[in-house]
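Colleague: The structure follows.
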Amino acid sequence: MLSHELNEREKVILRYIIQQFILTASPVGSRNITKKYDIGVSPATVRNIMSELEETGFINHPHTSAGRIPTDKGYRFYVDSLMDIAQLNHKEKILIQKSLEKKEIEKDELLKSTSKLLSSITRQLAYVSYPNIDNAVLQKIQLFILSSTKLLVVVSIKSGLVKTITLELTFEIEEKDLTVVESKLNEKLSGLSFNEIRATFKERFTLIEDEQKPVLRLFIDSLDQIFKDERKSDNIYITGAKDLIKQPEFDGPERFQSIIELIEDKDIIIHILEKSSELASQNVFISIGNENEHERMHDYSFVSKEYKMGDISGTLGIIGPKRMEYSRIVAIVNYVSQIISEILKQEN
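This is the structure in structure tokens:
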């Protein structure tokens, strides 16, 4: 159902049901609505409106209660059409800034600190992913012989990140030839994105000396390893499990186990982050319940936002019950993303 198909009275009732359920985690009845909110109609009228909302799929009627709870469709309508984004007060903004604006902090530590901060102020599961380097711009390559069988490749990215890869050698190479190869690699590749390098590497090195061919062939065979983001599970920081299990939705051994499985299987989260990057690179992305493809995620909502690190970006956000306080969570995620992007911009 589209937003214009709900009349104003239905929108008001749906908003109050969701707001009450977020606060109490208990089904919301018509008398609860009329007592708490001055809406100028009787409980009987509210019951009729709630019946309409239930028939059209915006709320549900648990068998054990006379009250109603929001459905995924109801939450989606709320965040898209009814929710007012909360405004963080000055004290909250200063707290976030002081927690993150630490001098001489390594980027890895900054991202870990960001995840811890998000989980502590939202009391939900927080995550921060390392930047996706597919669109990173190469600054320089350095080559070092570690042993007769190992070559160290140090890849420096313009955003300030450094990636190191060890390649296995099946041939001998002299230091002077390696220096020449390093020089040619930088001459032809510096300033290109990783995507461009992978697509055009072979044609950029068609005319090469015989003594350089083994190393360049090794690069050709290792292009994905050197110039691609592997999106490994260790590229994402997750914190706040102890806070999430305190939520009423996760009271019980099975629910607790679902949180543990989620943290251990980070690939599920990475898949959702990839989807969020595609759909909402400039805005806060919200995925609710059944909108998450993996069945294990149907009890959760995701709120995420990209942050910038020079010419590349990562993602940060919150995982919590569908009954999360979306208005406040969106405001926090959005502000933290802005602060992190500003800090990383100053460092580059």
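The number in my numbering is simply the position in the sequence shown, starting from 1, with 23 added. Using N, Cα and C, we set each Cβ at its ideal position, and we do this for glycine too.
Does the Cβ of E318 have 16 or more other Cβ atoms within 10 Å, making it buried, or fewer, making it exposed?
Modeller: Position 295 of the sequence shown, counted from the start, is the residue given in the question as residue 318. E318 comes out exposed.
Colleague: Just how far apart, CA to CA, sit S142 and T47?
Modeller: Position 119 of the sequence shown holds residue 142. Position 24 of the sequence shown holds residue 47. Looking at the two C-alpha atoms, the distance is approximately 21 Å.
Colleague: Using DSSP's beta-bridge definition, name the partner residues of Y349.
Modeller: On the sequence shown, residue 349 is found 326 positions in, with the first residue counted as 1. DSSP lists no partner for Y349.
Colleague: To the nearest angstrom, how far is the alpha carbon of L25 from that of G183?
Modeller: Within the sequence shown, numbered from 1, the residue matching residue 25 stands at position 2. Within the sequence shown, numbered from 1, the residue matching residue 183 stands at position 160. Its pLDDT being 46, under 50, L25 is placed unreliably in this model, and the value from its coordinates should be taken loosely. Looking at the two C-alpha atoms, the distance is approximately 45 Å.
Colleague: Just reading off the alpha helix (DSSP H) that F242 is part of, what are its end residues?
Modeller: Your numbering for residue 242 matches position 219 in the sequence shown. Per DSSP, F242 belongs to the alpha helix (DSSP H) from K236 to D244.
Colleague: Does DSSP classify Y187 as helix, strand or coil?
Modeller: Within the sequence shown, numbered from 1, the residue matching residue 187 stands at position 164. In the sequence as presented, Tyr is not what sits at residue 187; that position holds Thr. Correct three-state label for T187: strand.
Colleague: Where does S26 sit, in a helix, a strand or coil, going by DSSP?
Modeller: Against the sequence shown, residue 26 aligns to sequence position 3. Only weak support exists for where S26 lies, its pLDDT of 46 falling under 50; the value from the coordinates is given anyway. Note: S26 maps to helix in three-state DSSP.
Colleague: Which residues mark the beginning and the end of the beta strand (DSSP E) in which P344 is found?
Modeller: Here the question's residue 344 lines up with position 321 in the sequence shown. Taken as a continuous stretch (DSSP letters only), the beta strand (DSSP E) holding P344 covers I335 to P344.
Colleague: Evaluate contact between the stretch 334-341 and the stretch 78-93, counting only Cβ atoms and requiring at least three cross-stretch pairs below 8 Å.
Modeller: Verdict: no, contact absent.
Colleague: Around the C-beta of A222, are 16 or more other C-beta atoms found within 10 angstroms, so that it is buried, or is it exposed?
Modeller: Walking along the sequence shown from the start, residue 222 turns up at place 199. By the 10 Å Cβ count, A222 comes out exposed.
Colleague: How is the alpha helix (DSSP H) around E210 delimited, first residue to last?
Modeller: Here the question's residue 210 lines up with position 187 in the sequence shown. From DSSP, the alpha helix (DSSP H) with E210 extends over E198 to L212.
Colleague: Between the Cα of E205 and the Cα atoms of V35, E219, I231 and I292, which residue gives the shortest distance?
Modeller: Residue numbering aside, residue 205 sits at position 182 when the sequence shown is read from its first letter. Answer by Cα proximity: I231.
Colleague: What number of angstroms, rounded off, separates the C-alpha of K225 from the C-alpha of I243?
Modeller: Indexing the sequence shown from 1 puts residue 225 at position 202. Indexing the sequence shown from 1 puts residue 243 at position 220. Computed Cα separation, rounded: 7 Å.
Colleague: Please check the pair S245 and Q162, which I expect to be a contact at CB under 8 Å, by giving their CB distance rounded to whole angstroms.
Modeller: The residue you call residue 245 lines up with position 222 of the sequence shown. The residue you call residue 162 lines up with position 139 of the sequence shown. Contact flag wrong, Cβ pair sits at about 19 Å.
Colleague: Any idea which residues DSSP pairs K173 with across the strands?
Modeller: As a working note, residue 173 is residue 150 in the sequence shown. The partner list for K173 (beta bridge, DSSP) reads S170 and E191.
Colleague: Please state the DSSP three-state secondary structure of S152.
Modeller: Against the sequence shown, residue 152 aligns to sequence position 129. S152: strand per DSSP, three-state reduction.
Colleague: Quick one: residues in its chain with C-beta nearer than 7 Å to the C-beta of T137, no 5 flanking neighbours on either side, listed in chain order?
Modeller: Reading the sequence shown from its first residue, position 114 is the one you call residue 137. Same-chain partners within the cutoff: L123, V151, L339, V359 and I363.
Colleague: Which complete alpha helix (DSSP H) runs does the stretch 50-84 hold, if anything under 4 residues is left out?
Modeller: Taking only runs of at least 4 residues, the alpha helix (DSSP H) segments lying wholly in the stretch 50-84 are 53-59 and 66-78.
Colleague: Looking at C-beta atoms only, is the number of pairs between the stretch 342-354 and the stretch 37-45 that lie closer than 8 Å three or more?
Modeller: At 8 Å Cβ cutoff, the stretches touch.
Colleague: Looking only at its own chain, which residues have a Cβ that is under 7 Å from the Cβ of A264, when we skip the five neighbours before and after it?
Modeller: For the purposes of this step, residue 264 is taken as residue 241 along the sequence shown, with counting starting at 1. For A264, where only same-chain residues beyond five positions count, the Cβ hits under 7 Å are L148, I282 and I286.
Colleague: Taking only three categories from DSSP, how would you classify S182?
Modeller: Mapped onto the sequence shown, residue 182 falls at position 159. If DSSP states are grouped into helix, strand and coil, S182 belongs with coil.
Colleague: Alpha carbon to alpha carbon, how far is Q110 from R351?
Modeller: Counting from one through the sequence shown, the residue named residue 110 turns up at place 87. Counting from one through the sequence shown, the residue named residue 351 turns up at place 328. If you take the alpha carbons of Q110 and R351, they lie about 8 Å apart.
Colleague: Just to confirm before moving on: does the CB-CB distance between V238 and L201 stay below 8 Å?
Modeller: Along the sequence shown, read from residue 1 onward, the residue named residue 238 stands at position 215. Along the sequence shown, read from residue 1 onward, the residue named residue 201 stands at position 178. Yes.
Colleague: Over what stretch of residues does the alpha helix (DSSP H) that includes F217 continue unbroken?
Modeller: The residue given as residue 217 occupies position 194 in the sequence shown. Unbroken alpha helix (DSSP H) run through F217: F217 to R227.
Colleague: Within 10 angstroms of its Cβ, does I117 collect 16 or more other Cβ (buried), or is it exposed?
Modeller: Against the sequence shown, residue 117 aligns to sequence position 94. Exposed.
Colleague: Please classify H27: is it buried, with 16 or more other beta-carbons within 10 angstroms of its beta-carbon, or exposed?
Modeller: To locate residue 27, count along the sequence shown from 1; it is residue 4. Annotation note: pLDDT 49 at H27 (below 50); position unreliable, coordinate value reported separately. Burial call: exposed.
Colleague: Suppose contacts are defined by Cβ-Cβ distances below 8 Å. Is R146 in contact with D288 by that definition?
Modeller: What you label residue 146 is simply residue 123 of the sequence shown in a count that begins at 1. What you label residue 288 is simply residue 265 of the sequence shown in a count that begins at 1. Cβ atoms of R146 and D288: not closer than 8 Å.
Colleague: Taking the C-alpha atoms as reference points, what is the distance between Y60 and L105?
Modeller: Here the question's residue 60 lines up with position 37 in the sequence shown. Here the question's residue 105 lines up with position 82 in the sequence shown. Answer to the nearest angstrom: the Cα atoms are 16 Å apart.
Colleague: Measure the alpha-carbon distance for F250 versus I366 and round it to whole angstroms.
Modeller: Locating residue 250 in the sequence shown gives position 227, where the first residue counts as 1. Locating residue 366 in the sequence shown gives position 343, where the first residue counts as 1. Cα-Cα distance, rounded: 26 Å.
Colleague: What whole-angstrom Cβ distance do I180 and V203 have, given they're in contact under 8 Å?
Modeller: Position 157 of the sequence shown, counted from the start, is the residue given in the question as residue 180. Position 180 of the sequence shown, counted from the start, is the residue given in the question as residue 203. No, I180 and V203 are not in contact; Cβ-Cβ is about 23 Å, not under 8 Å.
Colleague: Work out the CA separation of L166 and E191 for me, nearest whole Å.
Modeller: Residue mapping note: residue 191 aligns to position 168 of the sequence shown, counting from 1. Residue mapping note: residue 166 aligns to position 143 of the sequence shown, counting from 1. Looking at the two C-alpha atoms, the distance is approximately 13 Å.
Colleague: Which residue comes first and which comes last in the beta strand (DSSP E) that contains T262?
Modeller: Counted from its first residue, the sequence shown places residue 262 at position 239. From DSSP, the beta strand (DSSP E) with T262 extends over I259 to T262.
Colleague: What three-state label does DSSP hand M106 in the structure shown?
Modeller: Start at 1 with the first residue of the sequence shown, and residue 106 comes out as number 83. Coil at M106, not helix or strand.
Colleague: Any idea which residues DSSP pairs F250 with across the strands?
Modeller: On the sequence shown, position 227 is the one that residue 250 refers to. Answer is none; F250 lacks a bridge partner.
Colleague: In three-state DSSP terms, what is Q147?
Modeller: Start at 1 with the first residue of the sequence shown, and residue 147 comes out as number 124. Reduced to three states, the DSSP call for Q147 is coil.
Colleague: Report buried or exposed for E31, applying the criterion of at least 16 other Cβ atoms within 10 angstroms of its Cβ.
Modeller: Taking the sequence shown and counting its residues from 1, the one referred to as residue 31 is at position 8. Exposed is the call here.
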